[in-house]
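Position in the sequence shown counted from 1, then plus 970, gives you the numbering used here.
All C-beta atoms in this analysis are idealised placements derived from N, C-alpha and C, irrespective of residue type, glycine included.
Shown next, in structure tokens, is the structure this report addresses.
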Amino acid sequence: MAFNIWKIGLHIQQHEVLAVAIVREASGWYLQRWWRIPLTPQVIVDGHIREPEQLV
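Right under this line is the structure:
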């Protein structure tokens, strides 16, 4: 296969954003990359994005 297509998982919490990229190959799923991005306080409060410019 010339190009692998990544599937992305994104989990947004009040204090951080977690992301994973996986790809399916003949013998199963494989992790390609993962990211953990800490958020500054008060960006997300009670499930609501209060400061969207901080997510860019």
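Query                                                                                            : Result
Q1024 in three-state terms, based on DSSP                                                        : helix
Member of Y1000, Q1002, E1021, R1003 whose CA lies at the smallest distance from the CA of L1009 : E1021
Coarse secondary structure for G1017, derived from DSSP in three states                          : coil
Backbone CA spacing between R994 and V1026 [nearest angstrom]                                    : 29 Å
Closest by C-alpha distance to H1018, when choosing among W976, I978, H985, K977                 : H985
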